[in-house]
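Chains as they are written, first to last, in our numbering: chain U, 1 to 365; chain V, 1 to 275.
Beta carbons are placed, not taken as given, at the ideal position from N, Cα and C, and that holds for glycine.
Before any comments, here is the structure.
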Amino acid sequence: MGLPDGMKGRVAVQGLVKRFGPVRAVDHVSLEVSSGEFLALLGPSGSGKTTILMSIAGFEFPDDGRILIGGEDVTWSPPNKRNLGMVFQRYTLFPHMSVLENIAFPLKMRGVGRAEREERARAALRTVRLGQMGERMPSQLSGGQQQRVAMARAIVYQPRVLLMDEPLSALDKNLREEMQIEIKHLQREIGITVIFVTHDQTEALTMADRVAVLDHGRLQQIGVPRELYEKPETGFVAGFIGETNFCEGTLQRAAMPGDPVSVTLDNGGRMEAVAAQALSAGERIKVALRPERLRVEPGGTDGMAARVSEAIYAGNATTLLLEADDGQVLRARIPAGAGLHEPRPGEAVRLSWQRADARAFMAGS
Amino acid sequence: MSAVRGNRAGRMALNAAAYAVTVFLLLPTLIIAPMSVGPERYLRFPPAGFSTRWYTEYFQDEEWVRATLFSLEAGVIAAVCATVVGTMLALALVRGRLPGKGLVELLVIGPVIVPHIALAVAMFLVFEQLRLTGSLLGFAMAHTVLALPFVVFTVLAALYRFDVELERAALSCGAGSFRTFRYVTLPLIAPGLVSAALFAFIISFDEAVVSFFISDLDRKTLPRKMFEDIDYNISPTLAAVATMLTALTIAALLLGYLLKRGLERRARATAAQED
């Protein structure tokens, strides 16, 4: 109550632990979402992203840690007392109520009078651009329309936080992209905090202000999309977000994040890179290198020698499959129209890169 | 070709067998109806003419009418009680984290497994002590117990078909667990509850064994009255009652079917959409 307006939509997850039997579905995860921010929880299945969302929603209760919404500890509050909006993976509209009755339901539960209920439900329906559909039954709507109604139902009572559990995964690709933009617009328009679970990295990167990447219940990295793509802090993030080449080797000397390192590759060659995390000497190291950051030049003596085994044309770019002299397979991407050399299959080339684009991780990370 | 023909012959034989069994099962019931409209004072098939005399007799005989009304009362009360208790039990079994779930399940099935005659004796002994024999309360209690397993199984089936995520959606909309049940779960499992209640009513209405034991001279159910009638004077009134009983049961099932279909129409439309 006494909080400034800008705090009410803040969500904090502190040291969250959730076990299912012997498995730690969520393993000491802490993160903060500021008011009006769009955060995506991204990870493969079993990464714990949905469990975190369900703990915030109140459908799961943690074994350890706290959940704060607007500064208030809600860890043990039932879901109906948290005043959150929730959109589920399947549309979960009440099949025995009309579209308008569905949207008015949360208002009815809050004791809003009939006339005001109807007025606000109609307004919410217009917000999701379904103004004419109020009298229909959910079964008469398409999947995309049903999901919009579900969204209207989740925002009609103006909650400060909207939770979305893979809300677009049931839609086909075109509709999904359209809805991504629409959700983003809606979120800006009403200034609501959104926590959005997805396993689709493109969805996370295009929609979210910040993305939290999870794997095996652990928070791998949280940051703006550009950071995650360009400065991944763990090998998992480097591999999970976008496409990456990994080269394995060892390191003579320990290094701190940001230090330049020289990795001894398994074939005896050396690779100049930057430590992305604390690296210890003598351990297995993997170096991540984005395909579009590889420079491919004909001949010469500098850089890594390789042979083009395949060239895949895809209109806006050509992907090269390369085999280095030591047998290592790499991918490189050459953008179309930049006047760059496009080698043919069988051609011998030299590969080079900027040190900062080669990021070294512990092999197990 | 021959395989198809052989298949067809086999199917025809199976159909014929199914119809034969159905006719065999229905025949006694079907013979009762014509027997009830004969004009003679004794049961005869085929009837020698047509008369509604025995139906008139039934409606004018105070004892028959009293037994019928008593049966209806007991049936309605038992149906309501069994449906309410059975629904709560089914909910506890599906949703609750109730300790000793297996034991409760076993107790619920109890009345189906234990021979009715043993139950009847047990109930008689207890009811005698409590002066419940021949009372509406006693019948309602006994029939509730007998109908309970059928209600629980019917409601369990409805709950398993129900999408639990809808309850989560209702909770996230701010509804507490009671209002979630009232506004979301209940309307959606209502077709199952209607079936369950009708089932319970029919079980109570034609229950004979337990009723035989816990009736007394004044207050008895229709089946018990029919037994007495067979013992003392076999009149075509009995056939008339049996015919009406059958008709009532069929009507109840039909009504239940129509109600259920009406309630399910919306749900089915959803399912079709999802396909």
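- [ ] Count the C-beta pairs between the region 255-272 of chain U and the region 212-229 of chain U that are closer than 8 Å, then say yes if the count reaches three, no if not.
- [x] No: the two stretches stay apart, fewer than three of their Cβ pairs being nearer than 8 Å.
Open item on the list: In whole angstroms, give me the CA-to-CA distance for U:I155 and U:E72.
Closed with: Here the alpha carbons of U:E72 and U:I155 stand approximately 21 Å from one another.
- [ ] Just mark V:L146 as buried or exposed, buried being the case when its beta carbon has 16 or more other beta carbons within 10 Å.
- [x] Of the residues assessed, V:L146 falls on the buried side of the cut-off, its CB having 16 or more other CB atoms within 10 angstroms.
Open item on the list: To the nearest angstrom, how far is the alpha carbon of V:E274 from that of U:S139?
Closed with: Since pLDDT at V:E274 reaches only 42, below the 50 mark, its modelled position is unreliable, and the value read off the structure follows with that caveat. In a straight line, the C-alpha of V:E274 is about 8 Å away from that of U:S139.
Open item on the list: When you compare the region 60-67 of chain U with the region 9-16 of chain U, are there three or more beta-carbon pairs, one atom per stretch, that lie closer than 8 Å?
Closed with: The way I'd put it, the region 60-67 of chain U does touch the region 9-16 of chain U; three or more beta-carbon pairs between them come closer than 8 Å.
Open item on the list: Quick check: the region 102-110 of chain V against the region 218-231 of chain V, are at least 3 beta-carbon pairs closer than 8 Å?
Closed with: By the Cβ criterion, the region 218-231 of chain V is not in contact with the region 102-110 of chain V, since fewer than three pairs of Cβ atoms, one from each stretch, lie closer than 8 Å.
Open item on the list: Three Cβ pairs or more, each shorter than 8 Å: is that satisfied between the region 76-83 of chain V and the region 189-209 of chain V?
Closed with: By the Cβ test, the region 76-83 of chain V is in contact with the region 189-209 of chain V, since at least three Cβ pairs between them sit closer than 8 Å.
Open item on the list: Tell me which residue opens and which closes the beta strand (DSSP E) that U:A154 is part of.
Closed with: U:A154 -> not in any beta strand (DSSP E); alpha helix (DSSP H) instead, spanning 143-155.
Open item on the list: Give me the chain V residues within the contact set of U:P106, using Cβ-Cβ distance strictly less than 7 Å, ordered along the chain.
Closed with: In chain order: C173, G174.
Open item on the list: Please classify U:A360 as buried or exposed, where buried requires at least 16 neighbouring CB atoms within 10 angstroms.
Closed with: Under this definition U:A360 is a buried residue.
Task: Buried versus exposed call for U:D172 [16 or more other C-beta atoms within 10 Å across all chains shown] - done: So U:D172 counts as exposed.
Task: Sequence-distant residues of its chain with Cβ nearer than 8 Å to V:L171 (five each side left out) - done: Within the same chain, Cβ atoms closer than 8 Å to the Cβ of V:L171 are found at S177, T180, the five residues on either side in sequence being excluded.
Task: U:A238 versus U:L84: straight-line alpha-carbon distance, rounded - done: Each residue's CA atom was taken as its position, placing U:A238 and U:L84 some 33 Å apart.
Open item on the list: Quick check: is the beta carbon of V:V184 nearer than 8 Å to any beta carbon in chain U?
Closed with: Chain U contact via Cβ: present.
- [ ] Please state if the CB of V:V37 and the CB of V:F50 are separated by a distance shorter than 8 Å.
- [x] Contact: yes.
Task: Residue environment, U:T202, which counts as buried when at least 16 other CB atoms sit within 10 Å - done: The residue is exposed, with fewer than 16 neighbouring Cβ atoms inside 10 Å.
Task: Identity of the residue in U:P95, U:G111, U:F196 nearest U:A40 by Cα - done: For U:A40, the nearest C-alpha among the options comes from U:F196.
TODO: Buried or exposed for U:H96, please, with buried defined as at least 16 other CB atoms from any protein chain shown within 10 angstroms of its CB.
DONE: Taking all protein chains in view, the Cβ of U:H96 is crowded by 16 or more other Cβ atoms within 10 Å, so the residue is classified as buried.
Task: 8 Å Cβ cutoff, V:P28 in contact with chain U - done: Chain U contact via Cβ: absent.
Task: Minimum Cβ-Cβ distance from V:A169 to chain U less than 8 Å - done: For V:A169, the nearest CB of chain U lies under 8 Å from its own CB, placing it at the interface with that chain.
- [ ] Determine whether the Cβ of U:P225 lies closer than 8 Å to any Cβ atom of chain V.
- [x] Under the 8 Å criterion on CB atoms, U:P225 is classed as non-interfacial with respect to chain V.
Open item on the list: Contact criterion: CB-CB distance below 8 Å. Does V:P187 meet it with respect to chain U?
Closed with: Yes - at least one Cβ of chain U is within 8 Å of the one on V:P187.
- [ ] Would you decide whether V:V151 is buried or exposed? Buried here means 16 or more other CB atoms lie within 10 Å of its CB.
- [x] V:V151 is buried by the Cβ-count criterion.
Open item on the list: So, with DSSP's three-state summary, where would you put U:N174?
Closed with: Assigned with DSSP and collapsed to three states, U:N174 falls in helix.
- [ ] Identify whether V:L217 lies in helix, strand or coil by the three-state DSSP scheme.
- [x] Here V:L217 sits in coil by DSSP.
Open item on the list: Please identify the residue among U:I192, U:P345, U:L31, U:A204 whose C-alpha is closest to the C-alpha of U:P167.
Closed with: Answer by Cα proximity: U:A204.
- [ ] Kindly list, in the order they appear in chain U, the residues whose Cβ is closer than 8 Å to that of V:L159.
- [x] Going along chain U, no residue has its Cβ under 8 Å from V:L159, so there is no contact; the nearest lies around 16 Å.
Open item on the list: Under 8 Å, Cβ to Cβ, is there at least one residue of chain V near U:R148?
Closed with: Interface flag for U:R148 against chain V is unset, since no Cβ pair is found closer than 8 Å.
TODO: Please state whether DSSP places U:P260 in a helix, a strand or coil.
DONE: Looking at U:P260 - three-state DSSP - the assignment turns out to be strand.
Open item on the list: Any beta carbon of chain V sitting closer than 8 Å to that of U:N80?
Closed with: Output row for U:N80: interface = yes.
Open item on the list: Below 7 Å on C-beta distance, what does V:R179 contact in chain U?
Closed with: What V:R179 touches in chain U: M109.
Open item on the list: On the DSSP bridge list, what partners appear for U:G85?
Closed with: For U:G85, which the question treats as bridged, DSSP gives the partners U:L162.
Task: Contained alpha helix (DSSP H) runs [length at least 4] in the region 118-204 of chain V, N- to C-terminal order - done: Scanning the region 118-204 of chain V for uninterrupted alpha helix (DSSP H) segments of 4 residues or longer gives 136-161, 165-172, 177-180, listed from N- to C-terminal end.
- [ ] Take the Cβ of V:A271 as the centre, count every other Cβ of all protein chains shown within 10 Å, and call the residue buried at 16 or more, exposed below.
- [x] With a pLDDT of 45 at V:A271, under the threshold of 50, the predicted position of this residue should be treated as unreliable, and no value is reported.
Task: Contacting residues, own chain, Cβ-Cβ under 6 Å from V:Y55 (five flanking each side not counted) - done: Excluding positions up to five away in sequence, the list reads A240.
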